[in-house]
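Right, one structure below, let's go through it.
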Amino acid sequence: MSSGVGRASALLASGTIVSRVLGFTRTIVLTGVLSGQTTIVGNALTNATQMPTSLYALIGGGLVSAVLVPQTIRASRGADGGVAYVNKLLTIAIVAIGLLTVVLTIAAPLLMHLTISDRRTYEVAVPFAFWSMPQIFFLGMYAVLGEVLNARRRFGAYTWAPVANNVIAVAVLAIFLVLFGSVSKFRSTPLDPAQTAVLAGGTTAGIAVQALVLALVWKRAGLSFRPDFHWRGVGLRATGQAAGWTFGMLVLTQAAGFLQGYVATGASGPTTPSTFALANSWLLFMLPHSIITVSLATVFYPRMSEHAAEGDLPALRDDLSTVLRTVLLVIGLATAVLLAAAAPVTAIFSGTKDLSTAAEAHAVAPVLVAYVLGLIPFTVLYVVQRCFYALADTRTPFRFTLVQLVVVVPGILACTLLPHAWTAVGIAAVISIGGTVQLVVALALLRRRLGPLGDRHLAAGLRRIALAGVPALAAGVLVLWATGGLADGWSVSSTIGGAVGALLIAVVCAAVYAIVLALLRAPEIRMATDLVRSRLRR
1 MSSGVGRASA LLASGTIVSR VLGFTRTIVL TGVLSGQTTI VGNALTNATQ
51 MPTSLYALIG GGLVSAVLVP QTIRASRGAD GGVAYVNKLL TIAIVAIGLL
101 TVVLTIAAPL LMHLTISDRR TYEVAVPFAF WSMPQIFFLG MYAVLGEVLN
151 ARRRFGAYTW APVANNVIAV AVLAIFLVLF GSVSKFRSTP LDPAQTAVLA
201 GGTTAGIAVQ ALVLALVWKR AGLSFRPDFH WRGVGLRATG QAAGWTFGML
251 VLTQAAGFLQ GYVATGASGP TTPSTFALAN SWLLFMLPHS IITVSLATVF
301 YPRMSEHAAE GDLPALRDDL STVLRTVLLV IGLATAVLLA AAAPVTAIFS
351 GTKDLSTAAE AHAVAPVLVA YVLGLIPFTV LYVVQRCFYA LADTRTPFRF
401 TLVQLVVVVP GILACTLLPH AWTAVGIAAV ISIGGTVQLV VALALLRRRL
451 GPLGDRHLAA GLRRIALAGV PALAAGVLVL WATGGLADGW SVSSTIGGAV
501 GALLIAVVCA AVYAIVLALL RAPEIRMATD LVRSRLRR
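Those letters in the sequence shown? Residues 1 to 538, by full-length UniProt numbering.
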């Protein structure tokens, strides 16, 4: 791995770590404001704020990241260096995303009705949704501006801009606590307009600042923008064709997500995990993926796109193997830690007037465990998808996403048959199973396109990770037992206890994991240490 790639990856990872720490701080404060993870207000706010995030996934998570980087790199080989392409594309984005935001804001009550089955939750969610929907525009602008910077190998701002968002979010929650205190007394009725404006409007303000940061970085990076409404003759047709398959794929995925929210809210109650618990568990699940996988894949993505554009498939296979072997080393450890520390970690965000911290932690921890069981397949699938996108192939990801939906949709519907206390757990398990099936199909399709993927090296790496991960997990569970985490001991009885208990488990798991890998002389250790050294030499 080159020092340039290592430094860029470390820059992204450090930005993600800072942002995630602030994000967890926000979640802890928000849980206190909302009086726990099982409240009506918490579920309502989660549904309202997840709606623009889900719709942003259609714009940023798929259309932009899947299409814009490869197409921008191809356009940059033109006589103008891709300037006309970027101007036209950004003009289209501003117009389209702006109109979409207006329409969806007006349709907020209908959208909440489609995703919330509980009447009380719906009544609380609608005012939140009106304040939250403008986030779609700012998230879309953040995605477009950021991916153009990534295509130009200006990686840092895209990852560090969310830090400003999270700082504002924490400040807004602190202001709410000072002005109004905890909202536990409003658990089954809508909040007043001032409270709604601070909670949801403050979140929207943070995301607006996040997009503004990238706009300022554009100027410092020497990029300029001139609105251009002449949308013919610059290669946007290829972009539209590629985007069409991606949009179709993500519409189906988000439809399954809306079904998930609808089923989860049907099981909501003061003592049962629902959408808020699912969201917090997903945040924890995504932490190692965001820090390691996304950071490294983001840096490699332009390089993979260049190799694909040049038809250099052996180099593309090498890129894929390098990314997978490096990220799986850390993701294997993260899987062991999160499985062992699920209850203490969940206790950090727990505590309601209806449940003790320990009781809520044990109610929500199985949701996190069900998600984490699918962490390694999720990580590999993310990298495999980027490989297809680098090849300017968005049709194939659409095909293997259909396979996932065949598993996920019936599975989520089947969760309505479970006791309410296990509905959220069932949903998380279905997501993990569906992702694993999707990965098997995706790998088979990628082999058809690229040939052998270095399966021998990857399989050997996975065996080493498993041989190290199992004893690390066992050691972590032993620490969990010793700290009372299997019952109602100190590691699951308070926010501080949960943090300390989770830290102890992480340290022990990491030590055992590292010792076993060293005994196995795993080459992946060298790859990871080279990454760290390149950062220290920066």
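Don't be surprised by glycine CBs; every beta carbon is placed ideally from N, CA and C.
{"Query": "Of the residues 471, 434, 26, 522, the one placed nearest residue 202, counting alpha carbons only", "Result": "26"}
{"Query": "For residue 253, the three-state DSSP class (helix, strand or coil)", "Result": "helix"}
{"Query": "Residue 272 in three-state terms, based on DSSP", "Result": "strand"}
{"Query": "Completely contained alpha helix (DSSP H) runs for the segment 420-491, where each covers 4 or more residues", "Result": "420-450, 455-482"}
{"Query": "Check whether residue 264 and residue 442 have beta carbons under 8 Å apart", "Result": "no"}
{"Query": "Residue 344 versus residue 161: straight-line alpha-carbon distance, rounded", "Result": "30 Å"}
{"Query": "DSSP three-state assignment for residue 90, whether helix, strand or coil", "Result": "helix"}
{"Query": "Boundaries (first-last residue) of the alpha helix (DSSP H) holding residue 133", "Result": "That residue, residue 133, is in no alpha helix (DSSP H); it is neither H nor E in DSSP."}
{"Query": "Cut-off 8 Å between Cβ atoms - residues of its own chain near residue 510, not counting five sequence neighbours on either side", "Result": "333, 337, 472"}
{"Query": "C-alpha gap between residue 92 and residue 358, whole angstroms", "Result": "51 Å"}
{"Query": "Residue 187 to residue 40 span [Cα, whole Å]", "Result": "A caution first: residue 187 carries a pLDDT of 47, below 50, which makes its placement in the model too unreliable to give a value."}
{"Query": "CA-to-CA distance, residue 285 to residue 33, given in whole angstroms", "Result": "23 Å"}
{"Query": "For residue 210 and residue 463, the rounded distance between their alpha carbons", "Result": "41 Å"}
{"Query": "As assigned by DSSP and simplified to three states, the class of residue 23", "Result": "helix"}
{"Query": "Residue environment, residue 310, which counts as buried when at least 16 other CB atoms sit within 10 Å", "Result": "exposed"}
{"Query": "Per-residue DSSP class, three states only, for residue 229", "Result": "coil"}
{"Query": "Touch test, the segment 436-452 against the segment 311-324, Cβ-Cβ under 8 Å, three pairs minimum", "Result": "yes"}
{"Query": "Within 8 Å, strictly: CB atoms of residue 437 and residue 479", "Result": "no"}
{"Query": "Residue 312 burial status per 10 Å Cβ neighbour count (16 or more: buried)", "Result": "exposed"}
{"Query": "Simplified DSSP state of residue 388, which is helix, strand or coil", "Result": "helix"}
{"Query": "Length of the line joining the Cα atoms of residue 258 and residue 126", "Result": "16 Å"}
{"Query": "For residue 115, the first and last residue of its enclosing alpha helix (DSSP H)", "Result": "108-115"}
{"Query": "Cβ of residue 201 within 8 Å of any chain D Cβ", "Result": "This model lacks chain D altogether; it includes just one protein chain."}
{"Query": "Three or more C-beta pairs below 8 Å linking the segment 99-113 and the segment 164-176", "Result": "no"}
{"Query": "Inter-residue Cα distance where the pair is residue 288 and residue 280", "Result": "14 Å"}
{"Query": "C-beta contact flag for residue 206 and residue 168 at 8 Å", "Result": "yes"}
{"Query": "Stretch-stretch touch, CB-based, cutoff 8 Å, three pairs: the segment 112-121 with the segment 42-51", "Result": "yes"}
{"Query": "Cβ-based burial, residue 181 [other Cβ within 10 Å; buried from 16]", "Result": "exposed"}
{"Query": "Cβ-Cβ distance between residue 341 and residue 492 below 8 Å", "Result": "no"}
{"Query": "Ranges of the alpha helix (DSSP H) found wholly within the segment 313-389, counting only runs of at least 4", "Result": "313-340, 342-347, 357-372"}
{"Query": "Distance CB(residue 439)-CB(residue 375) smaller than 8 Å", "Result": "no"}
{"Query": "Option in 377, 365, 158 with minimal Cα separation from residue 348", "Result": "365"}
{"Query": "Of the listed residues 159, 316, 273, nearest to residue 291 (C-alpha basis)", "Result": "159"}
{"Query": "Residue 131 versus residue 43: straight-line alpha-carbon distance, rounded", "Result": "16 Å"}
{"Query": "Status (buried if at least 16 other CB within 10 Å, exposed otherwise) for residue 521", "Result": "exposed"}
{"Query": "Same chain, Cβ closer than 7 Å to residue 177, five either side skipped, listed in chain order", "Result": "33"}
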